[in-house]
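Quick notes on the structure that follows.
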Amino acid sequence: MLRNLALKHLGPSQAFEVSKEPSGRPVVRLSDKALMASISHSRDLVCVALGCDEQIAVGIDVEFHEPDRNIEGMIRSLGWADVGLSAGAFYNEWCLYEARFKATGITARNEQPEMCVCALAVPAQYSGMLVWASEPSDSSNR
């Protein structure tokens, strides 16, 4: 999927290679630059994001709303009392956290930077978020 997205974005005449950074993060390498990418899947839904410039950090996440998941217990264990107890609010916040982590490599929620955010148009039983920002953070933790 990432290869197809890169081909559509870059065009058939542009030579590129899809590979992974040492951290496992997907990247599209051109002769003179590397474009950050992000991939997420949950059940039968897959989402792919590709930065349009090497200075753009991207992260994407999608999650299925598991009906038997103990949302209240997870919120307490994560220390996310500010999220609220609804399943939708929890999954939206979880997707935002995961997308920011994929873009920055920063695991601590309170240390993740503000980024541009787009809620994905996904089926009702899913949540999904795309984030992006210029000047990507240090990738050593990704």
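In terms of my numbering, the numbers along the sequence shown are unbroken and rise by one, the last being 894.
All C-beta atoms, glycine included, are put in the ideal place defined by N, C-alpha and C.
Just so it is clear, the structure is predicted and the values come from calculations on it, not from any experiment.
Using 9 Å as the limit for Cβ to Cβ distance, is residue i near chain C?
i	result
cysteine 804	Of the chains in the structure shown, none is chain C; there is only one protein chain.
Residue j and residue i - do their beta-carbons sit closer together than 9 Å?
i	j	result
leucine 872	isoleucine 812	yes
arginine 861	alanine 839	no
phenylalanine 881	leucine 848	The amino acid at residue 881 is misidentified as phenylalanine; the sequence shows methionine. Yes.
tryptophan 884	valine 770	no
tryptophan 846	serine 879	yes
threonine 859	proline 865	no
Relative to the C-alpha of residue i, which residue among the options is closest?
i	options	result
leucine 797	Val814, Ala809 and Asp784	Val814
valine 869	Gly776, Ile858, Trp832 and Arg852	Arg852
valine 779	Gly763, Met753, Gln877 and Pro764	Met753
valine 800	Lys854, Met867, Phe816 and Gln864	Lys854
glutamine 766	Ala758, Pro819 and Glu806	Ala758
alanine 789	Arg777, Gly825, Leu762 and Phe768	Arg777
histidine 817	Gln807, Val874, Arg828 and Glu866	Val874
With respect to the beta strand (DSSP E) encompassing residue i, which residues constitute its N-terminal and C-terminal limits?
i	result
glycine 811	808-816
glutamate 769	769-772
In the DSSP assignment, find the unbroken alpha helix (DSSP H) run with residue i in it and report its ends.
i	result
isoleucine 827	823-830
glutamate 863	That residue, glutamate 863, is in no alpha helix (DSSP H); it is neither H nor E in DSSP.
alanine 841	839-856
Can you check the stretch 780-808 for any beta strand (DSSP E) of at least 3 residues that lies completely inside it and give the ranges in chain order? 786-794 and 797-802
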